[in-house]
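K.L.:
Input: one structure, supplied below.
Here it is in structure tokens:
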């Protein structure tokens, strides 16, 4: 690793680290068949775990990363060396965690994850009742998942450990949005203080398209449900993060390719997980009812090429430059709103184009 690339990192952590988050896919194996997953219809795909020796090649770079999210398109709990990997990441000073279906958990596994001082764990729910959750996340069983969450809370209390911080990740669908009040009360009963509501970012079949509650028009019914949910969450002192139901200009999407990136199980580096799904290319993406074929995006393999070369790849730099220009333009527009002189000479408030692969992504519209 070239010292010039990381600058003065090794002289201390007085300054913020270069990267906010690296998302690293440890495995493509998953025991569930979730209806909202892009892999639905592609269950014959190869299953693979990242070798520990390969993960060690990534380790030195994590000194410059604030958060390491050990997940991709598989269930990270299935990786046989997960606990060891968590320990290795923590030695580099980064916070580490993942989002899980909870399927492979046992009491011993829960205890080991607490003992490892995993920083954060999110639990994926798609309903607040077994009937709804289990019908969307096939092979999952909500009562068993809730028992695992209670197990975490009991062991944390016994060890007097604040870690891991637990939260719920809830995918919003027409089929489950009405259960938000139940979800919030369930979180309170479980001792969970944070719920993150999300949309499907990659829609790849007719069922998923039909289940969207967001779009360019309509959505008043769902907005009322979300507004009521926000009030209930405030009353119960639960943090509820929710997405918009209508498009909003996002200079830089929530995946933030300026400070974040994704590493696949094979070591391929991409700006985000949604640009490199485990599908044969070109993969199908449905965007506001229109079908598009999308090639996977990648700028090099971190197992084969020094990361400095990947990050400085001209194509990767051009990709990020698109978002830098959008960010700068948005700042100019925002400044003009408060400055009459700037407003007089302001040009059209439109943003520069995003990279081509991102133009048919819901994340770019703030969803």
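Residue numbers (our numbering): 4 to 370. For glycine and all other residues, C-beta sits at the position ideal for the given N, C-alpha and C.
#1: Leaving out five residues before and five after residue 149 in sequence, what residues of the same chain have Cβ atoms less than 8 Å from its Cβ?
#2: So what does residue 68 bridge to, in DSSP terms?
#3: When the Cα of residue 325 is compared with those of 281, 114, 356 and 166, which residue comes out closest?
#4: Identify the residues that DSSP records as bridge partners of residue 100: which are they?
#5: Determine the closest residue to residue 116 out of 37, 100, 52 and 104, with distance taken between C-alpha atoms.
#6: Have a look at the DSSP bridge pairing and note the partners of residue 174.
#7: Alpha carbon to alpha carbon, what distance is there between residue 123 and residue 132?
#8: Counting C-beta neighbours from all protein chains within 10 Å, is the total for residue 246 16 or more, i.e. buried, or is it exposed?
#9: In three-state DSSP terms, what is residue 52?
#10: In terms of DSSP beta bridges, what is residue 289 paired with?
#11: How is residue 9 classed by DSSP in three states: helix, strand or coil?
#12: Taking residue 243 as part of the beta strand (DSSP E), name the residues at either end of that continuous run.
#13: Kindly identify the DSSP beta-bridge partner or partners of residue 37.
#14: In angstroms with no decimal places, state the Cα-to-Cα distance between residue 365 and residue 224.
#15: Which of the three DSSP states is assigned to residue 216 in this structure?
#16: In the structure shown, what three-state DSSP assignment does residue 266 receive?
#17: Look at the alpha carbon of residue 22 and the alpha carbon of residue 69, and state the distance between them as a whole number of angstroms.
#18: Look at residue 75 and residue 300 and say whether their C-beta atoms are less than 9 Å apart.
#19: Return the first residue and the last residue of the alpha helix (DSSP H) that residue 281 is part of.
#20: Let me confirm a value: residue 26 is counted as buried when at least 16 other C-beta atoms fall within 10 Å, else exposed. Which label applies?
#21: Which residue marks the beginning of the alpha helix (DSSP H) containing residue 151, and which one marks its end?
#22: Tell me the residue span of the alpha helix (DSSP H) that contains residue 322.
#23: Just to confirm my understanding: we take residue 360, look at its own chain, exclude 5 residues before and 5 after, and list those with CB closer than 7 Å. What are they?
P.N.:
Per the coordinate set shown:
#1: Indexing the chain shown from 1 puts residue 149 at position 146. If we look at residue 149 and ignore the five residues flanking it on each side, its Cβ neighbours are 189 and 193.
#2: Translated into the one-based positions of the chain shown, residue 68 becomes position 65. Answer is 22, bridged to residue 68.
#3: Walking along the chain shown from the start, residue 325 turns up at place 322. Measuring from the Cα of residue 325, the nearest candidate turns out to be 356.
#4: In the chain shown, counting from the first residue as 1, residue 100 sits at position 97. Partner(s): 72 and 123.
#5: In the chain shown, residue 116 corresponds to position 113, counting from 1. Nearest option by C-alpha distance: 100.
#6: Taking the chain shown and counting its residues from 1, the one referred to as residue 174 is at position 171. 201, per the DSSP bridge assignment.
#7: Taking the chain shown and counting its residues from 1, the one referred to as residue 132 is at position 129. Taking the chain shown and counting its residues from 1, the one referred to as residue 123 is at position 120. Their backbone Cα atoms lie some 24 Å apart in a straight line.
#8: The sequence position of residue 246 within the chain shown is 243, counting from 1. So residue 246 ends up on the buried side.
#9: As a working note, residue 52 is residue 49 in the chain shown. Strand, per DSSP.
#10: In the chain shown, the residue the question calls residue 289 occupies position 286. Bridge partners of residue 289: 294.
#11: As a position in the chain shown, residue 9 is number 6, starting the count at 1. Note that residue 9 scores 34 on pLDDT, short of 50, meaning its location in the model is unreliable; the coordinates nonetheless yield the value given after this. DSSP places residue 9 in helix when its eight states are reduced to three.
#12: Numbered from 1 along the chain shown, position 240 holds the residue referred to as residue 243. From DSSP, the beta strand (DSSP E) with residue 243 extends over 242-244.
#13: Within the chain shown, residue 37 is the residue found at index 34, counting from 1. DSSP output for residue 37 lists 140 as bridge partner(s).
#14: As a first step, residue 365 is located in the chain shown; it is residue number 362 there, counting from the start. As a first step, residue 224 is located in the chain shown; it is residue number 221 there, counting from the start. Spanning the two alpha carbons is a distance of roughly 20 Å.
#15: Indexing the chain shown from 1 puts residue 216 at position 213. It is coil, neither helix nor strand.
#16: On the chain shown, residue 266 is found 263 positions in, with the first residue counted as 1. DSSP places residue 266 in strand when its eight states are reduced to three.
#17: Within the chain shown, the letter at position 19 stands for residue 22. Within the chain shown, the letter at position 66 stands for residue 69. Looking at the two C-alpha atoms, the distance is approximately 6 Å.
#18: Translated into the one-based positions of the chain shown, residue 75 becomes position 72. Translated into the one-based positions of the chain shown, residue 300 becomes position 297. No; because the gap between Cβ atoms is not below 9 Å, this pair is not in contact.
#19: For the purposes of this step, residue 281 is taken as residue 278 along the chain shown, with counting starting at 1. Taken as a continuous stretch (DSSP letters only), residue 281 belongs to no alpha helix (DSSP H), as it is neither H nor E.
#20: Translated into the one-based positions of the chain shown, residue 26 becomes position 23. Counting Cβ neighbours within 10 Å, residue 26 comes out buried, since at least 16 surround it.
#21: On the chain shown, position 148 is the one that residue 151 refers to. Start and end: 145-162.
#22: Reading the chain shown from its first residue, position 319 is the one you call residue 322. Segment 317-341, the alpha helix (DSSP H) holding residue 322.
#23: Here the question's residue 360 lines up with position 357 in the chain shown. Excluding residues within five positions, the ones whose Cβ falls inside 7 Å are 278, 297 and 300.
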